[in-house]
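Shown next, in C-alpha cells, is the structure this report addresses.
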Amino acid sequence: MGSTGRIDIVWSPIHHDKFIVWSQDITLYEVARLKDIEKKISFTQLSSTRGATVVASQSGNGVRCVDISAISDHPDPILALGYESGRVSLTSLKQAYDPLGLVGREFVARYPRACNSLAWNPTESNLLAVGMDKHRADNCILLWDMNTCTSDEFPGESGTPPSWERARPIGELALGETAHCLAWCGFSPRTLAVSMNLKHIKLFDLREGGGKAAGVATSRHCLGVCAERQGYQIASRGDSALCVWDARALNTPLLTLPQQKPTRKIQWCPTRSNLLLSLQRDSSVLRLHDIQQSSDFKSQQSFDSAMSASSALEETESSGGGAGRSAVEREVSPASQPLLAFACHPEHRARLLTLTATGAMVEYTVCERVTVSWGASGALVWAGGGALRAMHPAFHLQVDDLAQRARRRAEADYGLKTDLWQNAELAEDEALAGLWHFLALSKSLVEDGCIRNSPWKHPGVRTVLPRTAPGAAPCDGTYRSEAVPSLLPDMPNRKIVVYRSPERTRALQLCGWGWGWENAGAGVERAEAEGTPCRAAALAAFHLRARNALDVLARARDPRLRVAALALVPAPSAPDERLWRDALHAAAPALPDPYLRALLHFLAAASHHHHPDFSAVLNETEMRLEDRVAFACIYLSDAKLHDYIQSVHLALHERGDLAGVLLTGISPEGVALLQRWVEACGDVQSAALVAARCCPPELVREPSPAQWIDSYRSLLDGWQLWWARCALDTWLCSGTGANSGEGEATRRVGVACTYCGKSVAAAPSARPRPAFARLPPPAAKMKQTSSCPNCRKPLPRCGVCSLHLGTSAVGGGAVGGANFATWFSWCVACRHGGHAAHLLHWFSEHTECPVSSCACRCSSLDPPDPPDRPEKPDGVDASALACT
1 MGSTGRIDIV WSPIHHDKFI VWSQDITLYE VARLKDIEKK ISFTQLSSTR GATVVASQSG
61 NGVRCVDISA ISDHPDPILA LGYESGRVSL TSLKQAYDPL GLVGREFVAR YPRACNSLAW
121 NPTESNLLAV GMDKHRADNC ILLWDMNTCT SDEFPGESGT PPSWERARPI GELALGETAH
181 CLAWCGFSPR TLAVSMNLKH IKLFDLREGG GKAAGVATSR HCLGVCAERQ GYQIASRGDS
241 ALCVWDARAL NTPLLTLPQQ KPTRKIQWCP TRSNLLLSLQ RDSSVLRLHD IQQSSDFKSQ
301 QSFDSAMSAS SALEETESSG GGAGRSAVER EVSPASQPLL AFACHPEHRA RLLTLTATGA
361 MVEYTVCERV TVSWGASGAL VWAGGGALRA MHPAFHLQVD DLAQRARRRA EADYGLKTDL
421 WQNAELAEDE ALAGLWHFLA LSKSLVEDGC IRNSPWKHPG VRTVLPRTAP GAAPCDGTYR
481 SEAVPSLLPD MPNRKIVVYR SPERTRALQL CGWGWGWENA GAGVERAEAE GTPCRAAALA
541 AFHLRARNAL DVLARARDPR LRVAALALVP APSAPDERLW RDALHAAAPA LPDPYLRALL
601 HFLAAASHHH HPDFSAVLNE TEMRLEDRVA FACIYLSDAK LHDYIQSVHL ALHERGDLAG
661 VLLTGISPEG VALLQRWVEA CGDVQSAALV AARCCPPELV REPSPAQWID SYRSLLDGWQ
721 LWWARCALDT WLCSGTGANS GEGEATRRVG VACTYCGKSV AAAPSARPRP AFARLPPPAA
781 KMKQTSSCPN CRKPLPRCGV CSLHLGTSAV GGGAVGGANF ATWFSWCVAC RHGGHAAHLL
841 HWFSEHTECP VSSCACRCSS LDPPDPPDRP EKPDGVDASA LACT
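Residue 1 is where the sequence shown starts when you use the UniProt record's numbering, and the numbers rise one by one after that.
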C-alpha cells in the first residue's frame, strides 16, 4: 500500500466482510447488516445499513507495517506484521484453529533494521515481500516463501516451538539500498514495483536471476508506490505531486498530478480500472483521479496537414509526456472531519471505508459519473456501475419524441409526395397538416391563374394585399376597396357594410373562402361534415345567412347547441333589438366554443349602425387564423384591415406560430417565420422539406434554409435512409419543385476517363443544337462513342455484351423507361459495370459479377428494396452509379 504513518485501514482480500484498523492497536472487525447484528452486542455503525463488530484485537507496539494475506485455506485472515527490529511475524488475531501452521511464524533478516513495507502476493499467496532500511552488507528487499519452511523441516525440542529463525529468504534484492514501499504488479505475478532511496522507482522481475532491476525511473515523487490490479500502470506519491507511470516505459511519467498538500495514501481502485484515489494530509475529502482518457489519443491520430511534426512534438513534451494524457479529477467527502485513512473494498464496486481523526469509521459509496450517448436512430445508452444499459424500444412508443416521429415520417416519404396535400396526411400534427394544405392551395391558385404577377410560387395574404406589406409593389395597380351596404337576407331590417376588391377576393381564396354564398356554401357543408357544426354555423352567419346557421345548429347532435340556436332568433321589433343585443353580449362569454362566441358577437354588432365594432369577433384567437383573416377581409375597411393584418403578423412571428405562413407565404418573411418556429420546436425536417419543395433558388441559398437542408441531410445519413436522402436531393436539383423553369439542373455526377481524368461527355453548353431540335436525327448520323473524346483511350466495356460505354444496349428497349436500358451502371466494390438492361437480366439468374475473373456478389451488396418503391426494378445493383 502506498500509505504513510502508523495508522491505516486494510480490507481482507479473501474474507470480504472483515477488515483491520491499525493504529496503537491492531483490531479485526467483521461487517454485517444492522438487522443481522444481535442487539446485545456492541457495534460501530458504518452506514445506514451496515455495522462493524470487534472480532479480536492486539497491541501494535513496535509495528511499522501490516498486510493481510490472500491465503484462502485459512478460516481467518492471516496478518504479516513488520517491526522496527526487522522481524516479520505472522498472526491471526482471532484465536482459532490453524490448519496451515502459519500463525506464530517469524522471519528475521540477517542484520537488524527497520521494516518499512510488507506486501503479500495476491496471486501466489505463499509469497511475502519485505522492504527494509539500508544496510551496507545486506539487501533491502527480502522475499519469503511460506511453503519452503515448515515445522516438520525444523523440529524443535519437545514442547518448544520450531526454530523459525533458521529459515532463509528465497530471494534477496538491492544490496546496500533502502526500500520505502513495495507493491506486486498486476500484469505479472512475480514482478515487484519498489520506491527506493527517495529518488528511484524500480521494477524487479523475480523470474530473472541476478537481482538486477528490469526498469528504473528517477523521480523525487517516490515516497510511496502502488500498482494497478490489472494493467501496466503504477502510481507514486511525493510531497507535492502524484505520478502515474507505464511499467513498459518508465523513462517519463504518463501523468503528473500536482497536489496542494503532502499525500498520506494512494490506492488504485480494485474494482474500477484507471481510477486512482488519494488522500492528502489534514484533508476531509478524497480525490478521485479518473484517467480513463489516458489512451494514446493524439499518438493514434495522424498529424494534421496544417501542423508540422515538430510543433506536434513540442505540444506532446509540454503536456508532461504520455501523448497529452489527462485525468478527470473530482472530490468526495465521506465525513466532515479530517480523514486519516481509507480503503477500497476488494469486491464491491465503488465502496469505501474511511477513518476520521476522531476515530469514527464511515462507509461511503462513490457515485460514478454516468456517460450518456444518443444514437443517430434515437437509442439512448449510458454506462455506469460496471454495466452498459440501453433504453427499451418500448419507451419511445410511450413518449412523443420528435426524433422518432421524424423518422417515422421520413420512412413514409413525408414531404416527398408528388402532391403537396398528400404530405398533410403524414404530418401527425394539425398545424403541419394545415401548412401543407395551404401550400397546395396557394400553388393551385397560382397555376390556375387566380393569383397573377406574384413574385412567389406560394404567395400569402400580405403578398396579395399590397398595402399590408409596406414597401412592396402592388399586384394590380392601386389597392382600394369598395364599401357595399348589404342587407341580411334573413333580417331585412338590418344593414351591414362589406368591402370588395380583387385583392380581397384573392386573399379570401387563400383563406379557403370565396366571395358570395355560392362559393361559401360548400365550405359550410364541409365543416358540418367534419363534425364542427359551430364553425359551420359561424361561416354561414359571416356570409349573412342566419337561417342557414340556425339550421346547422338545429341539426347538431349535441342538445346544448340546439338550445344555443335560440339566440339566433332576432328580436320581433325595433324597441326590443337593444335588449336582444345586450343579451347576446352577456351570453357569449359563457359559451365553450369560440365559433359560437364569435357568432353571437357578430350578430350583436351587425346593427343599424354604419360602423359596427367587430373587435370581439377578431379577438377570438381560438378560431382558425384563416377564418379570422377572411372575416377581416370582408368587414374591415382598408386602414383597419392593414392594421389588423400587421398586428396579427407581428404576434405570430414573435411566438413562431406556423399558422403565420398564411400571411407571409413562402417569402423572406415566411422563411424568417419558419426559422422562429424551428427554434421553438426543433422540427428541422418539415422546414427543410418545405424549403426544398416550395422555396425558389434564391431563398434556398439563404443561410436558414441551407442550414435546415444540411441538418436534415445529416439526420437522414445517420438514420441510413438513403432513399429519402436521394429523393430530397432530387427535389432540390431536378427542377421538379419550386426550382422548375430555372433551366436544366446542374450536373452533379459525370463519368471521368480512367486515363486522363476528364469527363467523357461534353458540357451541355458545348453540345451542338440542331435547327429543328424536336425532330430526331437520322440513324446514320447517330455516333456511337467508344473512346474518350479527350485522350482517345478506349472506354469501359459492358461486362455482358463487351460493348464500350456509350453504345446502346441491343434489345433493351422493353426494360422500364425508354432510356433506362442504355444507362451504364458500375458496382462500387469491384468497379465492373455494364448496360442496365443487361445487368438486370444477368442478376435475375446469377449472383456473381458477369466478369469471369471476378467473384464479387454485386447484387447482394445493398439491403432489400422497400416494398412500395416501384422506381427501382428488382435485381438492379443500387450500389452502382448510373448515368447516360
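Ideal placement from N, C-alpha and C gives every residue a C-beta, glycine not left out.
Computed from a predicted model, the values in this text were never measured in an experiment.
Counting every other CB atom within 10 Å of its CB across the protein chains shown gives Pro592 a total below 16, marking it as exposed. DSSP places Arg264 inside the beta strand (DSSP E), whose first and last residues are 263-268. Taking C-beta atoms as the reference points, His200 and Cys226 fail to come closer than 8 Å. In the DSSP assignment, Thr664 falls within the alpha helix (DSSP H) that extends over 661-664. Unbroken alpha helix (DSSP H) stretches of 4 residues or longer found wholly inside the stretch 377-464: 393-398, 402-411, 430-447, 461-464, given in chain order. Straight-line spacing of the CA atoms in Leu439 and Cys801 works out to 49 Å.
Secondary structure note for Pro258: its beta strand (DSSP E) is the uninterrupted segment 255-258. In this structure, the alpha-carbon of Asp290 lies about 19 Å from that of Leu353. Taking a C-beta distance under 8 Å as the contact criterion, Asp67 and Leu142 do not qualify as a contact pair. Taking 8 Å as the cut-off, the Cβ atoms of Tyr644 and Leu650 do not count as close. By the criterion of a C-beta distance shorter than 6 Å, Leu465 is surrounded in its chain by Glu503, Ala507, once the five residues flanking it on both sides are discounted. Leaving aside the five residues that flank Asp205 on each side, the residues in its chain whose CB is nearer than 6 Å to its CB run, in chain order, Thr191, Ala214. The alpha-carbon of Pro612 is positioned some 36 Å away from that of Trp456. Judged by DSSP in its simplified three-state form, His348 adopts coil rather than helix or strand. Between Glu208 and Met196, the beta carbon gap of about 18 Å keeps them out of contact (Cβ cut-off 8 Å).
Taking a cut-off of 8 Å on C-beta distances, the stretch 85-92 touches the stretch 106-118, as three or more cross pairs fall below it. By a beta-carbon distance limit of 8 Å, Ile26 contacts Gln58. Their separation comes to about 6 Å. Counting the other CB atoms within 10 Å of its CB gives Tyr97 a total below 16, which places it among the exposed residues. For Gly757, no beta strand (DSSP E) segment is defined, and its DSSP state is neither H nor E.
Trp144 sits away from Ala376, with the two beta carbons spaced by 8 Å or more. In this structure Pro533 does not touch Leu550 by the C-beta definition: roughly 11 Å separates them, more than the 8 Å allowed.
Distance between Ala598 and Ile496, taken at the CA atoms: about 16 Å.
Under DSSP, Val678 forms no beta bridge with any residue.
Using a Cβ distance threshold of 8 Å, Gln280 and Thr263 count as a contacting pair. Per DSSP, the unbroken beta strand (DSSP E) holding His835 starts and ends at 833-835. Taking the C-beta atoms as reference points, Thr53 is found no nearer than 8 Å to Leu34. Taken through DSSP and simplified to helix, strand or coil, Glu177 comes out as coil. Short of 6 Å from the beta carbon of Leu658, and not among the five residues preceding or following it, lie these beta carbons of its own chain, in chain order: Ala431, Leu435, Trp677.
Its Cα nearest to that of Phe614, the residue Phe602 stands out among Pro485, Leu242, Trp842, Phe602. Nearest Cα to Pro703 within the set Ala688, Lys212, Ala537, Leu355: Ala688. Per the coordinates, the alpha-carbon of Asn423 lies some 15 Å from the alpha-carbon of Ser442. Assignment of beta-bridge partners to Val498 by DSSP yields Val484.
Around Gln675, the same chain offers Ser704 as residues with beta carbons nearer than 7 Å, after the five sequence neighbours per side are excluded. Under DSSP, no beta-bridge partner is assigned to Cys830.
Comparing C-alpha distances from Asn619 to each of Pro589, Val21, Ser444 shows the shortest one belongs to Pro589.
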